[in-house]
Each structure stands twice: as C-alpha cells, then as structure tokens.
Amino acid sequence: MEELWIFCEICDEECPHEVLKSRTSTKKGFSFQGVVKCIECNTTGPTEIKEVKPIELRLRISNDDETHKGFLHLDRGALIKVGETRPHPDGLIMITGLEIGSKRPNQAYSDDNPIVWAKRATHARVRFAIHDGESTISVKKEFEFDEEFRIGRKIRIEGEMAIIKDINLYGGKSVKIAHAIEISRVTCVYGRRSKRKY
28 MEELWIFCEI
38 CDEECPHEVL
48 KSRTSTKKGF
58 SFQGVVKCIE
68 CNTTGPTEIK
78 EVKPIELRLR
88 ISNDDETHKG
98 FLHLDRGALI
108 KVGETRPHPD
118 GLIMITGLEI
128 GSKRPNQAYS
138 DDNPIVWAKR
148 ATHARVRFAI
158 HDGESTISVK
168 KEFEFDEEFR
178 IGRKIRIEGE
188 MAIIKDINLY
198 GGKSVKIAHA
208 IEISRVTCVY
218 GRRSKRKY
C-alpha cells in the first residue's frame, strides 16, 4: 500500500493517506496527481502536489589550504547567511562567504544564484594575530568546531600565554564570545605584555 503524508481538510492536520490512483512526474521537480483516502477519517478525494526542483548553487569548500568545488542544493527563495551551518552530503558545512558578481553580501536568496564559500564544520582552523610589541605574528591553530573563545581568555600559542583582545566573525562582525567554527580571526597580545595598553 502506497501512502502520502498530506493535509486533510476534514481532520485539519497532516496525516497519512492511502494512494488509490496516481500519476507522478519528476521532469521539473516532483508532481503528483491522483485519488487518495485519508487513513484517519476515510475521506476520499482527488489531490495534486507540485514541488519545484531545488536550485543548484556553486559551492567552494575550503579545507585548510585547498578548495574543493561542488554544489549546494536549496529550495527556491531560501535565505542563506554567512555564519550559518547547513547539511551537506560530505557532512555539516558552515557558510563563510557569498559571492554575487563583484559583491560579497552577508546574506542572499538562493534565487540570486550566489557562489557559496564554506568550510567543514567538524573542526576549525582559527587564525590568530598576536601583537608582540611593534610586530604582529600570524598563527593558525586547529580546534574542535564548538570550542568557545571569549575576550580576556588566556590561551597558549607557540609555547607562550596570550590574552584574547578581539574576535572577528566571518562577514567582519566583532564580538565578545564565539565558537571556533564561526571565527575568521582572533587578535591577541602575549601575556607578558598584558599590562600595556594596545
């Protein structure tokens, strides 16, 4: 017995319906025309379902120093935002950037056909900019994706303690607290110099 979960006007909710007669097509998405019977109230009647084919967006997944090309399938009209996570066949990914022509918006609709830049959301390489007197040292370090960073936290980098002074997210926003997967850059000063004003 073939079943569909669809809205029943008599029951006033979604419930299983037995398919008595049907015709389906997958040419431009999914379409169903047929006669169904509600399993809850036994009401029989014709029904039609049309689901639009999802949009295929170009996807660029950054994995350390390599970029892999792929596709992200989304419903038409779906809003995509920098910083959000989305399911992907290879695992969870986080959107790190959107590209529409020469523009880099923080959000876009799937209909705008943006190129989606992302990274895997299983681990995160956090980029640190450590001010040491008049010089700045740049270091990348790997963390679990959900490790929390906050301004004022002490962290060991390159064998020395550093204090977090600023946290920048993908998209440029500066925050006081964030998880590793959300972070574009962390600015620090070495602990031995923390009494100075920067």
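For the sequence shown, this note's numbering assigns the number 28 to the initial residue and increments by one for each residue that follows.
Every residue gets a Cβ at the ideal spot worked out from N, C-alpha and C, and that includes glycine.
Residue j beta carbon less than 7 Å from that of residue i
{"i": "isoleucine 120", "j": "alanine 151", "result": "no"}
{"i": "glycine 61", "j": "serine 52", "result": "no"}
{"i": "proline 141", "j": "glutamate 161", "result": "no"}
{"i": "alanine 189", "j": "isoleucine 182", "result": "yes"}
{"i": "isoleucine 82", "j": "arginine 103", "result": "yes"}
{"i": "leucine 84", "j": "leucine 99", "result": "yes"}
{"i": "valine 109", "j": "glycine 186", "result": "no"}
{"i": "valine 143", "j": "leucine 86", "result": "yes"}
{"i": "threonine 149", "j": "phenylalanine 170", "result": "no"}
{"i": "isoleucine 76", "j": "phenylalanine 59", "result": "yes"}
Own chain, CB closer than 7 Å to residue i, minus 5 neighbours either side, in chain order
{"i": "arginine 212", "result": "Arg154, Ala156 and Asn195"}
{"i": "proline 132", "result": "Leu125"}
{"i": "valine 202", "result": "Ile194 and Leu196"}
DSSP bridge partner residues for residue i (one or two, in chain order)
{"i": "glutamate 175", "result": "His206"}
{"i": "aspartate 193", "result": "Thr214"}
{"i": "glycine 61", "result": "Ser49 and Thr74"}
{"i": "lysine 55", "result": "Answer is none; lysine 55 lacks a bridge partner."}
{"i": "isoleucine 33", "result": "Cys42"}
{"i": "glutamate 169", "result": "Arg152"}
{"i": "isoleucine 164", "result": "Ile157"}
{"i": "glutamate 187", "result": "Ile184"}
Cut-off 8 Å between Cβ atoms - residues of its own chain near residue i, not counting five sequence neighbours on either side
{"i": "glutamate 67", "result": "Cys35, Cys38, Cys42 and Pro43"}
{"i": "lysine 167", "result": "Arg152, Val153, Arg154 and Phe155"}
{"i": "valine 216", "result": "Ile157, His158, Asp159, Ala189, Ile190, Lys192, Arg223 and Tyr225"}
{"i": "glutamate 40", "result": "Phe34"}
Straight-line gap, residue i to residue j (C-alpha atoms, nearest Å)
{"i": "isoleucine 164", "j": "phenylalanine 176", "result": "19 Å"}
{"i": "proline 73", "j": "valine 63", "result": "6 Å"}
{"i": "serine 89", "j": "alanine 207", "result": "15 Å"}
{"i": "tyrosine 136", "j": "isoleucine 122", "result": "13 Å"}
{"i": "glutamate 30", "j": "glycine 128", "result": "45 Å"}
Close Cβ partners of residue i (< 6 Å) along its chain, the five nearest in sequence each way excluded
{"i": "glycine 56", "result": "Glu78, Val79 and Lys80"}
{"i": "glutamate 111", "result": "Ile122"}
Quick check on the DSSP output: what are the complete beta strand (DSSP E) runs of length 3 or more inside the stretch 69 to 147, in order along the chain?
Entirely contained in the stretch 69 to 147, the beta strand (DSSP E) runs reaching 3 residues are, in chain order, 71 to 79, 82 to 90, 93 to 101, 106 to 108, 120 to 126, 134 to 136 and 142 to 147.
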